[in-house]
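A short worksheet on the structure shown next.
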Amino acid sequence: MLDKLHLFIPFAIEHIQLLGVDGAADPVHMVDLEALGVPLQGQISRGEDGQLQADYLRHTWESLSTGFTPLAFKVFHQSLGKRLMPGIEVKASPAKLLQGHNVYGPTSINLGAQVMLKWIAGTYPDLFSKLDVSAAQVYTIDCTYSSRLPDERTALQVIKALMNVTNGHTKSRGDNYETTAYWGAKDSRLKRLKAYLKYPEFLRQLEDAKRAGRSDLSAARTVKVLSNPDLQEWAKNLLRMEATVMHRWLERRGIPSRLVDLIAYQQGLEADGRCLIQECWQAVTADLFAAFEGAEMRVIDDEKVLDALVAAHPKYDRKGKPNDSYARNLFRTYRSLKDYGWEETQASMARRTFYDHVRDIQAAGLSKAQLQKLQEHDRATNVVPLLRFVQVDFGAQRPAGYVEPSVEAA
6 MLDKLHLFIP FAIEHIQLLG VDGAADPVHM VDLEALGVPL QGQISRGEDG QLQADYLRHT
66 WESLSTGFTP LAFKVFHQSL GKRLMPGIEV KASPAKLLQG HNVYGPTSIN LGAQVMLKWI
126 AGTYPDLFSK LDVSAAQVYT IDCTYSSRLP DERTALQVIK ALMNVTNGHT KSRGDNYETT
186 AYWGAKDSRL KRLKAYLKYP EFLRQLEDAK RAGRSDLSAA RTVKVLSNPD LQEWAKNLLR
246 MEATVMHRWL ERRGIPSRLV DLIAYQQGLE ADGRCLIQEC WQAVTADLFA AFEGAEMRVI
306 DDEKVLDALV AAHPKYDRKG KPNDSYARNL FRTYRSLKDY GWEETQASMA RRTFYDHVRD
366 IQAAGLSKAQ LQKLQEHDRA TNVVPLLRFV QVDFGAQRPA GYVEPSVEAA
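In this note's numbering, each number is its position in the sequence shown, counted from 1, plus 5.
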């Protein structure tokens, strides 16, 4: 799926002024920012006549309303540094603009660019008429594919295992979160890679949309889409791997970064039965999947043990309500035996407490011999290759019968 598209679109040359030509090594190209109709910010000062005046006018990043989620947009009204010409930058998830979600979606750069340009043109038609769309450049694209995991518990364990995977230039960043792992430099100008669990992100997006939907029609529309039970079920237990590639990465591989040329390039691959987004994703993730070959992870399924401990040791508070705190204390001792072994667990707590816990764990159906061999048994039976779980089926990324959305309906 094409998960994000970041474009730079310059202004047409006839709308650009050239300043500081005489004696200047670097003349400045500018457009009349005040004539574009966009909201402006500036530095307010008082002139010699005592009147307030605004200086250093600029357009800050703006969230444009669309049929679903907002689109990020900014005018750069003068050439500066790496930006040789004035223009606009625009960033969005084409899938979200087209259908209200990015659980799955199309791979077409042409479709994504069209829907982004539609909302720029509809919001600021005069500004849009001054752009040279034919010269638009693709700054970055996010290519995302998913692996379906058996359940939430395994999904969390896979993410934890991924945080420790490193290979070649694909190194774990270390700033991981509970449901997200990152690789590569945060400020890389070539590529970035992350893996995350989709369902927790999906639920956060739904809650954000519900809050915004009280006063925003587009957000309310998004809530309706995200509340679809079939969509929610599809998002569960998905491990997403998102590869971001920049224009330099594309150009080094002979892939054009000019929008019209990249669209033609993608369509040429499609005529040969190939997918540009999939091939970019495979190139970025190759080192990581090579590291998976030798990586292992522990599969932990202890819910039945906890349930047995709660059933064997029912406790109640002063109001007569069930209280499972003691059973959970026993469960922590059980997990310690599993992780660290009999001797180390015994040394970590009071002797009497340790044997009381062993006795009460036995009451839930585990023998002392099992507890003494728990660590050895766990290592022998519950360590599996990571690749058993991280399998990406490119033919099963979308539900059967999925129909790609149209720009007109967005």
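Using N, Cα and C, we set each Cβ at its ideal position, and we do this for glycine too.
In this text the structure is predicted, and so the values were computed from the model without any measurement.
For residue i, which option in the options has the closest C-alpha, if you only look at C-alpha atoms?
{"i": "I282", "options": "E256, A248, E308 and D312", "result": "A248"}
{"i": "G189", "options": "Y182, T171 and E206", "result": "T171"}
{"i": "E238", "options": "K101, R153 and N169", "result": "R153"}
{"i": "F78", "options": "L62, V43, A352 and Q104", "result": "V43"}
{"i": "V228", "options": "E275, D213 and A97", "result": "D213"}
{"i": "L236", "options": "L211, I18, L371 and Q22", "result": "L211"}
{"i": "P155", "options": "A240, P15, S341 and K326", "result": "A240"}
{"i": "L208", "options": "R219, T145, S232 and W124", "result": "S232"}
{"i": "S193", "options": "T145, R356 and P234", "result": "T145"}
{"i": "G273", "options": "I114, A40 and S70", "result": "I114"}
{"i": "V95", "options": "T71, I125 and G110", "result": "I125"}
{"i": "A40", "options": "K324, F133, D292 and E298", "result": "F133"}
{"i": "I21", "options": "T71, M121, K135 and G110", "result": "K135"}
{"i": "C280", "options": "T112, P234, V408 and A401", "result": "T112"}
{"i": "A140", "options": "T74, L103 and F16", "result": "F16"}
{"i": "E409", "options": "L102, Y182 and K324", "result": "L102"}
{"i": "R403", "options": "T71, K320 and S151", "result": "S151"}
{"i": "N334", "options": "Y345, G325 and T358", "result": "T358"}
{"i": "A296", "options": "V395, Y345, V315 and L244", "result": "V395"}
{"i": "A317", "options": "G325, K326, L122 and F336", "result": "F336"}
{"i": "F81", "options": "G117, K123 and V36", "result": "V36"}
{"i": "T184", "options": "L12, L243 and Q142", "result": "L243"}
{"i": "D131", "options": "R258, L38 and G72", "result": "L38"}
{"i": "Q142", "options": "L89, G325 and Y182", "result": "L89"}
{"i": "S341", "options": "K320, D307 and D292", "result": "D307"}
{"i": "G117", "options": "L62, E19 and H11", "result": "H11"}
{"i": "I18", "options": "D277, E275 and P91", "result": "P91"}
Note down, in chain order, each residue of its chain lying with its Cβ closer than 6 angstroms to the Cβ of residue i, except the 5 sequence neighbours on either side.
{"i": "D147", "result": "D8, K9, E247 and T249"}
{"i": "T65", "result": "Q46"}
{"i": "V416", "result": "Lying before the first or after the last residue shown, residue 416 is absent from the chain, which here runs from 6 to 415."}
{"i": "A217", "result": "A224"}
{"i": "T338", "result": "H362"}
{"i": "Q119", "result": "V412"}
{"i": "D322", "result": "N328"}
{"i": "K110", "result": "Looking at the sequence shown, residue 110 is not Lys but Gly. Result list for G110: M6 and A100, in chain order."}
{"i": "W286", "result": "C148, Y150 and A248"}
{"i": "G400", "result": "none"}
{"i": "I93", "result": "I14 and V80"}
{"i": "G278", "result": "none"}
{"i": "A414", "result": "none"}
Residues in its own chain within less than 7 angstroms of residue i by CB, not counting five upstream and five downstream?
{"i": "V33", "result": "L24, G25, Q83 and S84"}
{"i": "T290", "result": "L198, M246 and A248"}
{"i": "L195", "result": "M251, R253 and W254"}
{"i": "A186", "result": "I164, L167, M168, S177, K199 and A200"}
{"i": "Q377", "result": "W347"}
{"i": "V108", "result": "K203, F207, L236, W239 and A240"}
{"i": "T128", "result": "L69"}
{"i": "A313", "result": "A369 and G370"}
{"i": "K373", "result": "V363 and Q367"}
{"i": "L122", "result": "V138"}
{"i": "R219", "result": "none"}
What are the partner residues of residue i, as DSSP defines its beta bridges?
{"i": "M35", "result": "Q22 and Q83"}
{"i": "A97", "result": "L10"}
{"i": "F16", "result": "L136"}
{"i": "S68", "result": "A77"}
{"i": "R63", "result": "Q46"}
{"i": "G92", "result": "P15 and F81"}
{"i": "Q142", "result": "F13 and R263"}
Just to confirm my understanding: we take residue i, look at its own chain, exclude 5 residues before and 5 after, and list those with CB closer than 8 angstroms. What are they?
{"i": "E67", "result": "V43, P44, A77, F78 and K79"}
{"i": "E256", "result": "S262"}
{"i": "V397", "result": "Y150, S151, S152 and M246"}
Against chain D, with Cβ distances strictly below 8 angstroms, would residue i count as a contact?
{"i": "V310", "result": "The structure shown contains no chain D; it holds only a single protein chain."}
Quick check: the segment 213 to 228 against the segment 192 to 204, are there 3 or more CB pairs under 8 angstroms? no
Sufficient close CB pairs (3 or more, under 8 angstroms) joining the segment 254 to 267 to the segment 152 to 163: Counting Cβ pairs under 8 angstroms, fewer than three are found: no touch.
Using 8 angstroms as the Cβ pair cut-off and three pairs as the minimum, do the segment 358 to 373 and the segment 250 to 265 touch? No: fewer than three Cβ pairs fall under 8 angstroms.
Any chance the segment 318 to 337 sits against the segment 346 to 354, with 3 or more Cβ pairs inside 8 angstroms? no
Secondary structure, beta strand (DSSP E): runs of 3+ residues fully inside the segment 234 to 264: 243 to 251
Let me know the beta strand (DSSP E) ranges lying completely inside the segment 144 to 174, each 3 residues or longer, listed in chain order. none
Any chance you could list the alpha helix (DSSP H) runs of at least 4 consecutive residues sitting entirely within the segment 294 to 346, in chain order? 308 to 317 and 330 to 345
In chain order, each beta strand (DSSP E) run of at least 3 residues that lies wholly inside the segment 175 to 211: 185 to 188 and 196 to 202
Please go through the segment 353 to 389 and give each complete alpha helix (DSSP H) segment of 4 or more residues, from N-terminal end onward. 356 to 367, 373 to 377 and 379 to 386
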